[in-house]
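Below: one structure, written as structure tokens.
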Amino acid sequence: MLKFLIIKAPIFMRSVRRAQFCSSAVQWEGGVSMVQGASRGIGLEFVRQLLGRNAKGHVIATCRNPDGATDLIELKRQFADRLNILPLDLTNESTIEEAAAAVKDNYGSLNLLINASGILSVPNVLQPETTLRKVEKSSLMLAYEVNAVGPTLVIKHMWPLLKVGGGSRTEREFAVVANMSARVGSIGDNGLGGWHSYRASKTALNQLTKNISVEFARRKDPIICILLHPGTVDTDLSKPFQRNVPQGKLFTAEFSVQKLLGIINNAKASDSGKFFAWDGQQIPW
Ligand SMILES: NC(=O)c1ccc[n+]([C@@H]2O[C@H](COP(=O)([O-])OP(=O)(O)OC[C@H]3O[C@@H](n4cnc5c(N)ncnc54)[C@H](OP(=O)(O)O)[C@@H]3O)[C@@H](O)[C@H]2O)c1
0 MLKFLIIKAP
10 IFMRSVRRAQ
20 FCSSAVQWEG
30 GVSMVQGASR
40 GIGLEFVRQL
50 LGRNAKGHVI
60 ATCRNPDGAT
70 DLIELKRQFA
80 DRLNILPLDL
90 TNESTIEEAA
100 AAVKDNYGSL
110 NLLINASGIL
120 SVPNVLQPET
130 TLRKVEKSSL
140 MLAYEVNAVG
150 PTLVIKHMWP
160 LLKVGGGSRT
170 EREFAVVANM
180 SARVGSIGDN
190 GLGGWHSYRA
200 SKTALNQLTK
210 NISVEFARRK
220 DPIICILLHP
230 GTVDTDLSKP
240 FQRNVPQGKL
250 FTAEFSVQKL
260 LGIINNAKAS
270 DSGKFFAWDG
280 QQIPW
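For the sequence shown, numbering that gives the first Met the number 0 assigns the number 0 to the initial residue and increments by one for each residue that follows.
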């Protein structure tokens, strides 16, 4: 009897967990997606395309200062019933917990989570370092906090809500977490050096995301995690560094997000824990 319990209990628990995932799938036709870091740039474009390309999809857009997010407010005017804007600052964990509570109360589940935020430079605070001499403890810590720690805490608090459903477009058998990384976070691809804080923080994000994907798989939670490099995209983040970008290699946010949504929509369970560029090519660690 004891043997029966030991062997059967985990299987029973798994089937209960699956039943819970499946029952929530029908709640929101078109699915519920969350874009964290949605005030501008790539995150804002994700919100725009998720709303525009899926006539029934619901989108939660989070940002530090919803009152100042004029482009999001404009989208809210167009998509009043399907867009919800919530405050979330990655450096303040209680705002992440409050956002998770609001998602739970309003939707009960989340099918797609995109961590789109990120910092490379912050005037008078963080400059991408061209040499080790310019590395400051405060810069390293801030980049880690915003680019690696914050997105990880977002996944932690949204985890109980991540369930099977419509996602961005299609019905699928798992929820998706997509973290915006950067090719410069690849150790294998690092031939240039520099940008110590940004590079290392993205490398940390890659390892944390891979680690989370392993844990979800081990628990048989139907959630996959992928890392995405958007290419060099014409946003505030890249503005100071666009001079050396070769002709034709500076993408619009619209083009990059179209490509990234293609990867998200076609992601398979076997893609979990992998790092993809905008064109679908896998990037080495
Ligand atoms: N653009 C590129 O060429 C490029 C290339 C490779 C990778 N990426 C990655 O792609 C992602 C999006 O970049 P982007 O080009 O769209 O950058 P962006 O235009 O500078 O936007 C960055 C976003 O991150 C948010 N953010 C910053 N600090 C935050 C915090 N403490 N809490 C919550 N949100 C915060 C910003 O919100 P506020 O408006 O409140 O500041 C903004 O919405 C980033 O992860 C970036 O590293 C971009």
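Think of the CB as a built atom: it goes at the ideal place given N, C-alpha and C, for glycine as much as any other residue.
Item: In the DSSP assignment, what residue or residues form a beta bridge with Lys273?; Value: Ile225
Item: Along the chain, where does the beta strand (DSSP E) that runs through Ala60 open and close?; Value: His57 to Cys62
Item: With DSSP as the reference, label Ala266 as helix, strand or coil.; Value: coil
Item: At which residue ranges does the segment 100 to 161 contain complete alpha helix (DSSP H) runs of 4 or more residues, listed in the order of the chain?; Value: 136 to 143 and 149 to 157
Item: With Asn210 as the anchor, note down where its alpha helix (DSSP H) starts and where it stops.; Value: His195 to Arg218
Item: Are the beta-carbon atoms belonging to Val148 and Leu161 less than 8 Å from one another?; Value: no
Item: Tell me the residue span of the alpha helix (DSSP H) that contains Gln48.; Value: Gly40 to Arg52
Item: Go to Leu82, then tell me how far its beta strand (DSSP E) extends in each direction, as first and last residue.; Value: Leu82 to Pro86
Item: Using 8 Å as the Cβ pair cut-off and three pairs as the minimum, do the segment 49 to 63 and the segment 30 to 38 touch?; Value: yes
Item: Helix, strand or coil for Thr169? Go by DSSP, reduced to three states.; Value: Note that Thr169 scores a pLDDT of 46, beneath 50, so its modelled location is shaky and nothing firm can be said.
Item: Do the CB positions of Gly193 and Glu92 come within less than 8 Å of each other?; Value: no
Item: Does DSSP put Leu321 in a helix, a strand or coil?; Value: No statement about residue 321 is possible, as the shown extent of the chain runs from 0 to 284 and does not include it.
Item: Going straight from the alpha carbon of Glu73 to that of Thr234, what length do you get?; Value: 19 Å
Item: Answer yes or no: the CB of His228 versus the heavy atoms of ligand 1, is any distance below 7 Å?; Value: yes
Item: Any contact between the segment 181 to 196 and the segment 87 to 101? By contact I mean 3 or more CB pairs, one from each, below 8 Å.; Value: no
Item: Tell me whether Ser116, by its Cβ, gets closer than 7 Å to a heavy atom of ligand 1.; Value: yes
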